[in-house]
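Step one of this worksheet: look at the structure below.
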Amino acid sequence: MTEAGRPGRCTGAQAVVRSLERQGVKHVFGLPGGAAIPLFDALVGSSIHLVQTRHEQGATHMADGFARACGEPGVVLVTSGPGATNTITGIFTAQMDSVPMVVITGQQAVGTLGLDAFQEADVSGIALPVVKHSYLVKNAADIPRVIREAFHLSRTGRPGPVLIDVPKDCAATVIDYRDDEALRLPGYRVPDEIDGAAVAEAARLISAAKRPVLLVGHGVVISGAGAEVRAFAERMRIPVVNTLLGKGGFPETHPLSLGMLGMHGTAYANKAVADCDLIMSIGSRWDDRITLDPSRFCTGAVKIHVDIDPAEIGKVFAVDCAIVGDARAVIAALDRTATPGDTAEWIARVEAWRAAHPLHYSRKGGLKAQTVIDELYRLTGGRAVVVTDVGQHQMWAAQFYRTDERFHWISSGGAGTMGFGFPASIGAQLARPDALVCAIVGDGGFQMTFAELATAVTQKVPVKVIISNNHYLGMVRQWQNLFYENRLSGVDLAGNPDFVRLAESYGCRAFRIRRNADVRQVLEKALAYTDGPCVVDAEVVKEDDVFPMVPAGASLADMLLEPPRKGRAR
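In this note's numbering, the protein residues as written are 20 to 589.
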C-alpha cells in the first residue's frame with residue numbers, strides 16, 4: 020500500500036492524494052512548480068495517473084473534456100502564482116457549462132500570505148466569480164474534509180468547478196488522517212423534492228397546446244434524462260429542438276428532432292420555435308444565442324422552464340410555469356401526468372418546413388469544411404465522440420454531425436473558449452479509451468493550445484484532430500463582412516505553420532486534404548490509425564459563411580438563410 024494509502028499519520032500532501040484515491044480518481048492533469056512539489060511528490064507510487072501537460076490551461080481543458088465524456092469530475096493539479104492563474108480560463112469555461120471539476124493549486128506558506136512572496140497569488144479570490152466554491156486551506160487536518168466537500172459540491176445539483184488552494188507548509192505538515200466526518204454544508208441545498216402543483220400545471224398547459232415544442236438543453240445530458248425526454252416526446256408527439264450543448268440529450272436522427280435552434284440553428288427548428296404556442300425548456304438557461312432579443316422570443320407562447328438551479332428561473336424573462344428539480348425526475352413525473360393533445364397538424368407543418376429548408380452547402384468553388392464534416396459523419400456512422408473548438412467549424416459540426424447519444428458531443432458553449440477543443444479531446448479519450456474521439460478545430464484556436472500535441476503523443480491517445488484551415492479567424496471575418504462593411508481587422512492568419520510538418524515534429528501521424536476528391540480517402544486513413552494521435556490539415560476555402568444565421572439582437576423571424584444580395588446585413 021502506498022504511503023498516502025496507509026491509515027494513521029501522513030503529510031498533508033499525502034492526505035490530498037489519499038483523499039483523491041478515495042473519490043475514485045484515476046487521472047490528474049497538471050504541471051508542477053515550486054509550491055506544488057510536495058503534492059506532486061505524493062503522487063509517486065499512487066494509483067493515480069499523472070497526465071503531465073504543457074500548459075495549465077491545457078490541463079483544465081483536458082479535465083473538462085474528461086468530465087464531459089464520462090460525467091465524473093476532472094481533476095487538475097498545478098503550482099502557485101502564474102501556474103494557478105493560468106487555469107482561470109479553463110475554470111471559467113467549466114463554470115459556464117456546468118462541468119464538474121476539482122482544481123488543486125499549490126500556494127506559498129500560510130505565514131507569508133499577503134506579503135507578496137515569490138509566486139504568491141490570491142487564487143481563491145481571483146477564481147471566486149468563476150467557481151462553484153473555493154477553499155484556502157490553512158490547517159492541514161482539514162484536507163480530507165475539504166476534498167470530500169469539494170467533490171460533493173462539484174458533482175451534485177448544478178455541477179461546477181471547485182478550487183482548493185493548498186499552502187506548501189500545509190502540504191508538508193504531518194497529520195492524523197481522518198475522513199469519517201459527516202458532510203456539513205450549511206446553506207447548500209440540492210433540490211430533491213418536486214413541486215407537484217407545478218408539475219400538474221405544466222401538464223395541463225402542455226396537453227392544451229396545439230403547437231408545442233420541447234427545448235432540450237445541457238441539463239438533460241448532465242442528468243441522464245435522455246430516455247425520459249424521448250419517451251415523453253414520443254407519447255405526446257411533440258417536436259424537439261436542442262441547444263448547442265443539448266446535442267445528445269435527444270437523438271438528432273429521431274423523426275421528432277429538429278436539431279439545433281438559435282443563431283446558427285436549422286431553419287426548420289427556428290421556424291417551429293418562432294411559431295409555437297408553447298415551449299418547454301428542459302435544462303436550458305435561455306441563452307442569448309437562442310433567445311437573441313428576449314422581448315421578441317416566442318411572443319404569445321406559453322413558456323415552461325425546468326431547471327435544477329433556482330437562480331435560472333426568471334433570470335432572462337418571466338415564464339408561465341417553473342419546475343425546480345432534476346430534469347430526469349421532472350420529465351418522468353410529467354410523463355405520468357400529461358395527456359397527449361392533437362399535434363398532427365403541427366407535425367405536418369414542421370415537416371413541410373424541414374422539406375422546404377434543409378441544411379445544404381455547395382461543393383463548388385473548392386474544399387468546404389462542411390464537406391469534411393459531412394464525410395466524417397458518414398464514415399463514423401455518427402458514433403464518434405466529437406469535440407470542437409469555437410468558431411465557424413463549431414457551428415458546421417453542430418449542423419452536419421448529428422448526435423444521438425449522451426456524452427458524444429463536447430464543445431465550449433457559454434464561454435466560447437478558443438483553444439478548448441484539442442486538449443479537451445485528449446481528456447475525453449483518456450476518460451473513454453475505447454471510444455473513437457475526433458477533435459474538429461480551426462486553425463486559429465488550434466494554435467492557442469497545439470503544444471499539447473506533446474501530451475497527446477506521450478499519452479498515446481488516438482485522437483483524430485481535423486483542422487478546418489481557412490487562414491482566417493472565420494467567424495469574426497464573417498461578422499466583419501456582414502455588419503462592418505467588410506472592414507477586415509485582425510482576422511487574417513498570415514504566417515500559419517505547415518500543420519502537417521508541425522504535427523510530425525511532435526511525432527504525430529499527419530495528413531493533408533486540399534481537394535474534394537481526397538476527403539474520403541484521407542479520412543479513412545486517419546480513422547484507421549490507432550497507434551497515437553493524428554492530425555488532418557484540411558485546407559478549406561478562405562471565405563465561406565455559416566448559414567442559417569440570425570443577427571445578434573434580432574429575432575428568429577429575422578433569420579438569414581443565405582448571404583444578403585447586397586453583401587451586407589443590418
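Positions of the beta carbon are idealized from the N, C-alpha and C atoms, including for glycine.
(request) Classify residue 432 as helix, strand or coil using the three-state DSSP reduction. (result) Numbered from its first residue, the sequence shown carries residue 432 at position 413. In the structure shown, residue 432 sits in coil (DSSP, three-state: anything other than H, G, I, E or B).
(message) Going by beta-carbon coordinates alone, are residue 369 and residue 287 separated by less than 9 Å?
(response) Here residue 369 refers to the residue found at position 350 when the sequence shown is read from its first residue. Here residue 287 refers to the residue found at position 268 when the sequence shown is read from its first residue. Yes. Within cutoff.
(request) Leaving out five residues on either side along the sequence, give the residues of the same chain with a beta carbon under 6 Å from the beta carbon of residue 89. (result) Walking along the sequence shown from the start, residue 89 turns up at place 70. Answer for residue 89: 450, listed in chain order.
(request) Scan the segment 459-515 and note each continuous beta strand (DSSP E) run of 3 residues or more that stays entirely inside, going in chain order. (result) 483-488
(request) State the Cα-Cα distance for the pair residue 106 and residue 436, rounded to the nearest angstrom. (result) Translated into positions along the sequence shown, residue 106 becomes position 87. Translated into positions along the sequence shown, residue 436 becomes position 417. Each residue's Cα considered, the two are about 13 Å apart.
(request) Count the other CB atoms, across all protein chains shown, that sit within 10 Å of the CB of residue 237; report buried if there are 16 or more and exposed otherwise. (result) Along the sequence shown, read from residue 1 onward, the residue named residue 237 stands at position 218. Answer is buried; the Cβ neighbour count reaches 16.
(request) Please report how far the alpha carbon of residue 444 lies from the alpha carbon of residue 263, in whole angstroms. (result) By 1-based counting over the sequence shown, the position of residue 444 is 425. By 1-based counting over the sequence shown, the position of residue 263 is 244. Going by the C-alpha atoms only, they are around 17 Å apart.
(message) Considering Cα atoms alone, identify which of 218, 108 and 45 is closest to residue 355.
(response) Mapped onto the sequence shown, residue 355 falls at position 336. The shortest C-alpha separation from residue 355 is found at 218.
(message) If you reduce the DSSP assignment to three classes, tell me which class residue 572 lands in.
(response) Counting from one through the sequence shown, the residue named residue 572 turns up at place 553. Residue state, collapsed to three classes: coil.
(message) Tell me the rounded alpha-carbon separation between residue 59 and residue 447.
(response) Position 40 of the sequence shown holds residue 59. Position 428 of the sequence shown holds residue 447. When rounded, the distance between both Cα atoms is 23 Å.
(request) Assign residue 395 to one of three DSSP states: helix, strand, or coil. (result) The count along the sequence shown starts at 1 and reaches residue 395 at position 376. Residue 395 falls in the helix class under three-state DSSP.
(message) For a test of the three-state rule: what should DSSP assign to residue 171, helix, strand or coil?
(response) Within the sequence shown, the letter at position 152 stands for residue 171. Residue 171: helix per DSSP, three-state reduction.
(message) As a quick exercise: from 484, 360 and 303, pick the residue whose alpha carbon is nearest that of residue 522.
(response) For the purposes of this step, residue 522 is taken as residue 503 along the sequence shown, with counting starting at 1. Closest by alpha carbon: 484.
(message) Using a 10 Å radius around the Cβ and a threshold of 16 neighbouring Cβ atoms, would you call residue 269 buried or exposed?
(response) As a position in the sequence shown, residue 269 is number 250, starting the count at 1. By the neighbour-count rule (16 or more Cβ atoms within 10 Å), residue 269 is buried.
(message) Strictly by DSSP, which residues pair up with residue 124?
(response) Indexing the sequence shown from 1 puts residue 124 at position 105. According to DSSP, residue 124 bridges with 97 and 184.
(request) Determine, using beta-carbon pairs with one atom in the segment 188-205 and one in the segment 154-168, whether at least three such pairs fall under 8 Å. (result) yes
(request) Go through its chain and collect everything with a Cβ distance to residue 321's Cβ below 6 Å, but skip five positions before and after it. (result) The count along the sequence shown starts at 1 and reaches residue 321 at position 302. These residues qualify, in order along the chain: 224, 297 and 339.
(message) Assuming contact is defined by CB atoms lying nearer than 9 Å, are residue 306 and residue 176 in contact in what I supplied?
(response) Locating residue 306 in the sequence shown gives position 287, counting from the first residue. Locating residue 176 in the sequence shown gives position 157, counting from the first residue. No, the pair does not count as a contact, with Cβ atoms beyond the cut-off.
(request) Could you tell me the distance, in whole angstroms, from the CA atom of residue 514 to the CA atom of residue 127? (result) Position 495 of the sequence shown, counting from 1, holds the residue named residue 514. Position 108 of the sequence shown, counting from 1, holds the residue named residue 127. Going from the Cα of residue 514 to the Cα of residue 127 covers about 41 Å.
(request) On the DSSP bridge assignment, give the partners of residue 558 in chain order. (result) Locating residue 558 in the sequence shown gives position 539, where the first residue counts as 1. Per DSSP, 488.
(request) May I ask you to check if the CB of residue 84 is nearer than 8 Å to at least one heavy atom of the ligand NAP? (result) The ligand NAP is not among the ligands present in this structure, which contains no ligands whatsoever.
(request) Using the Cα positions of residue 526 and residue 482, report the straight-line distance between them to the nearest angstrom. (result) Within the sequence shown, the letter at position 507 stands for residue 526. Within the sequence shown, the letter at position 463 stands for residue 482. If I take the Cα positions, the gap works out to 14 Å.
(request) In angstroms with no decimal places, state the Cα-to-Cα distance between residue 84 and residue 119. (result) The residue labelled residue 84 in the question sits at position 65 within the sequence shown. The residue labelled residue 119 in the question sits at position 100 within the sequence shown. Going from the Cα of residue 84 to the Cα of residue 119 covers about 10 Å.
(message) Which same chain residues end up closer than 8 Å to residue 506 when comparing Cβ atoms and leaving out the 5 residues on each side of it in sequence?
(response) On the sequence shown, residue 506 is found 487 positions in, with the first residue counted as 1. So the list reads 499, once near-sequence residues are dropped.
(request) Taking residue 252 as the reference, give the member of 266, 122, 209 and 273 with the closest Cα. (result) Taking the first residue of the sequence shown as position 1, residue 252 is located at position 233. Minimum Cα distance to residue 252 is reached at 273.
(request) Give the C-beta separation of residue 411 and residue 461 to the nearest angstrom, bearing in mind that I take them to be a contact with Cβ-Cβ under 8 Å. (result) If you number the sequence shown from 1, residue 411 lands on position 392. If you number the sequence shown from 1, residue 461 lands on position 442. Yes, they are in contact, since the Cβ atoms of residue 411 and residue 461 sit about 7 Å apart, within 8 Å.
(request) Indicate the three-state DSSP secondary structure (helix, strand or coil) for residue 299 in the structure shown. (result) As a first step, residue 299 is located in the sequence shown; it is residue number 280 there, counting from the start. Here residue 299 sits in strand by DSSP.
(request) Determine the DSSP secondary structure at residue 158, reduced to helix, strand or coil. (result) Along the sequence shown, read from residue 1 onward, the residue named residue 158 stands at position 139. Here residue 158 sits in coil by DSSP.
(message) I'd like the span of the beta strand (DSSP E) that includes residue 276, first residue to last.
(response) Here residue 276 corresponds to residue number 257 of the sequence shown, with the count starting at 1. It spans 276-279 - the beta strand (DSSP E) in which residue 276 sits, taken as one unbroken run.
(request) Indicate the three-state DSSP secondary structure (helix, strand or coil) for residue 527 in the structure shown. (result) Here the question's residue 527 lines up with position 508 in the sequence shown. If DSSP states are grouped into helix, strand and coil, residue 527 belongs with coil.
(message) Comparing C-alpha positions only, which one of 468, 417 and 206 sits nearest to residue 109?
(response) As a working mapping, residue 109 is identified with position 90 in the sequence shown. Considering only alpha carbons, the answer is 468.
(request) Count the other CB atoms, across all protein chains shown, that sit within 10 Å of the CB of residue 508; report buried if there are 16 or more and exposed otherwise. (result) On the sequence shown, residue 508 is found 489 positions in, with the first residue counted as 1. Exposed, because fewer than 16 other Cβ atoms sit within 10 Å of the Cβ of residue 508.
(request) Figure out for me which residue from 259, 401, 113 and 215 has the closest Cα to the Cα of residue 420. (result) Sequence index remark: in the sequence shown, residue 420 carries index 401 (1-based). Of the listed residues, the one whose Cα sits closest to residue 420 is 401.
(message) Nearest by alpha-carbon distance to residue 291: which of 300, 303 and 232 is it?
(response) As a first step, residue 291 is located in the sequence shown; it is residue number 272 there, counting from the start. Residue 291 has its Cα closest to that of 232, out of 300, 303 and 232.
(message) Please report the straight-line C-alpha distance between residue 69 and residue 49, rounded to a whole angstrom.
(response) For the purposes of this step, residue 69 is identified with residue 50 of the sequence shown, where counting begins at 1. For the purposes of this step, residue 49 is identified with residue 30 of the sequence shown, where counting begins at 1. Cα-Cα distance, rounded: 7 Å.
(message) Excluding the 5 residues flanking residue 347 on each side, which residues of the same chain have their C-beta closer than 7 Å to its C-beta?
(response) In the sequence shown, counting from the first residue as 1, residue 347 sits at position 328. Counting only Cβ-Cβ distances below 7 Å, and skipping sequence neighbours, we find 242, 243, 244 and 247.
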